[in-house]
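Notes for the one structure printed next.
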């Protein structure tokens with residue numbers, strides 16, 4: 001045999017195929033195939049190719065016949081064998097690069113048949129014997145799968161271009177399916193890659209994939225494995241090959257819906273009982289730790305397109321599967337799946353992802369630095385915060401995440417996790433975000449906790465029982481006060497005043513349109529009538545509205561005086577840098593709503609009370625007062641009207657702006673405060689305000705002109 005001389009630049013391509021950079025591997029594969037095509041074109045047909053063919057490998061049970069490679073140039077034969085041997089290398093990117101070049105060679109040089117390619121793989125790779133070490137055996141077996149995948153891709157190109165008939169493609173596909181299924185059954189770590197090769201076959205054959213099962217008993221046996229013994233690859237293949245399965249094969253597959261369900265009916269796939277059937281198989285996917293098994297990509301891709309599928313998939317496989325398992329690898333997988341699902345799901349699905357088991361596992365691992373999954377929990381929480389801060393994150397999605405993180409109560413998540421994630425997210429809310437979140441919380445507050453299990457489960461605070469959830473929502477809404485614009489603050493004050501003191505009047509007269517005024521007024525101001533049970537809810541509203549009105553009144557006074565809420569003068573910090581840094585942080589933390597001039601919310605509350613008190617309003621007091629007290633209240637509002645008119649006249653620079661009138665107009669805030677406070681305890685406040693309207697009249701009433709009287713002269717000593 002004549003010694004083969006291979007040019008040095010051709011040999012260099014083999015070194016570059018093992019480069020860690022994918023672009024270098026791709027360029028080297030292209031250049032190598034071009035060199036091989038040129039060498040083949042220059043080759044004169046003879047026996048050189050036959051002389052170079054065959055030999056060089058085998059299996060543990062005996063030698064394997066090598067490929068014929070008839071008509072191939074010596075350089076091509078050498079290159080193909082070296083590429084096949086290189087698939088068993090674990091060096092850098094050798095396996096990927098050599099497989100890429102092998103695909104290109106079988107695609108661009110159709111002289112070599114695909115069945116010869118399979119023989120080439122078996123004869124070129126080292127046989128596995130008893131002396132073969134575990135790592136070496138793993139590399140050899142993975143090399144076989146990579147080589148088979150390379151041939152399948154070459155087959156796809158030939159079949160698509162019409163160079164390969166369907167019968168030949170099916171025959172080769174059956175051989176590939178048999179070999180791949182055999183490898184998957186031999187070692188568990190080969191199953192995922194073997195399933196990927198079968199899916200490559202599906203992509204290449206298309207509708208012809210259904211005819212492959214009769215020709216490949218090993219593939220049929222693999223895909224019909226009982227669910228109790230199946231691995232994640234069986235679930236993956238059943239889902240992906242479902243439309244191509246023959247009816248007799250489909251009936252044996254426990255991992256696909258039965259009972260005449262049409263293929264691609266993914267709603268049937270994500271029924272709770274179907275997901276429970278494959279839960280154990282999906283949990284086994286943690287063996288590829290720390291990666292996420294490919295079966296999840298297909299499931300998640302289809303789940304986000306089916307209503308309620310994400311909730312079912314998460315609850316069955318993660319909440320009652322991965323997070324209840326004692327395996328750290330499975331819990332880690334749960335964190336990874338959460339980070340994948342959060343950006344893909346709808347806003348109404350977010351609360352379901354923040355399930356009890358997930359939150360508990362997350363907090364447990366965040367609590368201590370030495371916990372096994374502490375780093376994974378930190379990474380998961382950081383991904384949540386980063387996603388919420390992203391500019392392209394929808395507002396409703398961001399609000400849903402914040403609400404879900406506060407299920408444990410105000411500041412409790414931050415206290416346990418020691419990360420201040422909730423505070424950071426709330427601090428980053430815009431005015432629109434804060435207003436939207438407030439409206440969501442208002443809806444939670446007014447509805448009964450038993451309005452539906454789905455509402456309680458999928459809404460913020462859903463894990464709190466009874467009125468605790470409603471009180472939690474009220475607390476959260478009032479906590480957003482500094483972030484709210486004036487209009488939203490007024491909306492919140494109206495809600496609190498309405499539900500603190502008023503209720504719908506069932507005896508209200510119907511309007512001309514047939515609708516009760518009570519419905520419009522109560523719903524406009526309080527979202528909806530406050531549903532039962534009411535234990536402590538009205539009292540909580542009364543306390544909070546008093547606090548907010550006091551806060552607003554102080555802000556108005558400070559604003560009118562040209563001062564901030566903080567003291568005008570503060571002692572400078574001893575260290576200038578530290579003081580400047582603190583000042584900068586306070587400036588950055590100042591909410592946008594605080595930069596607005598404070599609204600007169602006391603007037604908003606007083607005007608709402610008057611509207612509710614009016615006859616025919618459709619609302620009545622929770623604690624109804626007697627007529628005498630109501631008359632005093634009417635006098636109070638009359639005095640308020642008079643004072644408000646004077647204040648308006650003074651503001652326009654009208655006449656009569658003397659000291660007494662100015663003093664009377666300054667009483668307006670007091671009258672408004674008393675008009676609200678009287679509702680809370682009319683028994684105490686009515687006697688105190690009974691004479692107040694008369695006092696206001698005395699202040700406003702014009703003083704009587706003094707009559708000219710002679711002053712009697714003082715008698716001197718002589719007159720005595």
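Residue numbers (the UniProt record's numbering): 1 to 720.
The beta carbon of each residue, even a glycine, is placed where N, CA and C say it ideally should be.
If you're wondering where the values come from, they're calculated on a predicted model, not measured in any experiment.
Spatially closest choice to residue i from the options, by CA coordinates
| i | options | result |
| --- | --- | --- |
| residue 240 | 295, 289 and 388 | 295 |
| residue 243 | 103, 262 and 496 | 262 |
| residue 470 | 427, 539 and 483 | 539 |
| residue 88 | 552, 608, 69 and 128 | 128 |
| residue 442 | 428, 403 and 427 | 403 |
| residue 695 | 70, 635 and 198 | 635 |
| residue 489 | 378, 472, 118 and 603 | 603 |
| residue 278 | 256, 293, 390 and 297 | 256 |
| residue 432 | 444, 398 and 445 | 398 |
| residue 118 | 644, 178, 165 and 340 | 178 |
| residue 114 | 156, 142 and 135 | 156 |
| residue 329 | 283, 251 and 302 | 283 |
| residue 154 | 187, 204 and 130 | 204 |
| residue 525 | 494, 483 and 555 | 494 |
Unbroken alpha helix (DSSP H) run spanning residue i, endpoints
| i | result |
| --- | --- |
| residue 94 | 94-108 |
| residue 237 | 232-241 |
| residue 547 | 537-560 |
| residue 383 | 374-389 |
| residue 161 | 134-161 |
| residue 502 | Looking at the DSSP string, residue 502 is not in any alpha helix (DSSP H); the run it does join, the beta strand (DSSP E), is 502-504. |
| residue 171 | 166-186 |
| residue 426 | 421-427 |
| residue 361 | 356-367 |
| residue 335 | 328-341 |
| residue 30 | 22-42 |
| residue 395 | 395-405 |
| residue 432 | 431-446 |
| residue 128 | First-last for residue 128: undefined, no H or E at that position. |
Cβ neighbour criterion (16 or more within 10 Å) applied to residue i
| i | result |
| --- | --- |
| residue 613 | buried |
| residue 356 | exposed |
| residue 9 | exposed |
| residue 344 | exposed |
| residue 253 | buried |
| residue 38 | exposed |
| residue 236 | buried |
| residue 467 | buried |
| residue 77 | buried |
| residue 726 | Because the chain is modelled from 1 through 720, residue 726 falls outside the range shown and cannot be assessed. |
| residue 573 | Caution applies to residue 573, whose pLDDT of 43 falls short of 50 and renders its modelled position unreliable; the value that the coordinates give is listed next. That one is exposed. |
| residue 232 | buried |
N-terminal and C-terminal residue of the beta strand (DSSP E) that residue i is part of
| i | result |
| --- | --- |
| residue 620 | 619-621 |
Close beta carbons around residue i, own chain, < 6 angstroms, minus the five adjacent residues each side
| i | result |
| --- | --- |
| residue 86 | 94 and 98 |
| residue 222 | 181 |
| residue 679 | 501 |
| residue 73 | 39, 40 and 43 |
| residue 12 | none |
| residue 589 | Below a pLDDT of 50, predicted positions are generally treated as unreliable, and residue 589, at 42, falls in that range; no measurement from the model is reported. |
| residue 299 | none |
Chain-order list of residues whose beta-carbon lies under 8 angstroms from that of residue i (same chain, five-residue window excluded)
| i | result |
| --- | --- |
| residue 100 | 17, 25, 26, 29 and 150 |
| residue 422 | 402, 405, 406, 411, 413 and 414 |
| residue 544 | 474, 478 and 496 |
| residue 514 | Per-residue confidence for residue 514 stands at a pLDDT of 44, beneath the threshold of 50, marking its modelled position as unreliable; the derived number appears in the next sentence. Closer than 8 angstroms at Cβ, skipping near neighbours: no residue. |
| residue 366 | 374, 377, 378, 381, 416, 417, 418 and 419 |
Own chain partners of residue i with C-beta closer than 7 angstroms, once the 5 adjacent residues on each side are dropped
| i | result |
| --- | --- |
| residue 272 | 312 and 316 |
| residue 721 | The requested residue 721 is not part of the displayed model; the chain covers only 1 to 720. |
| residue 7 | none |
| residue 147 | 84, 87, 99, 102 and 121 |
| residue 632 | 686, 689 and 690 |
| residue 736 | For residue 736 there is no data in the structure shown, the boundaries of the chain being 1 and 720. |
| residue 140 | 88, 125, 126 and 128 |
| residue 622 | 501, 502, 503 and 538 |
| residue 230 | 255 and 281 |
| residue 31 | 13 |
Cβ-heavy atom distance, residue i to the ligand ATP, below 6 angstroms
| i | result |
| --- | --- |
| residue 481 | You won't find the ligand ATP in this model; it holds no ligand whatsoever. |
**Message:** List, from N- to C-terminal side, the alpha helix (DSSP H) runs of 4 residues or more that fit wholly inside the region 243-301.
**Reply:** 247-250, 266-269 and 272-283
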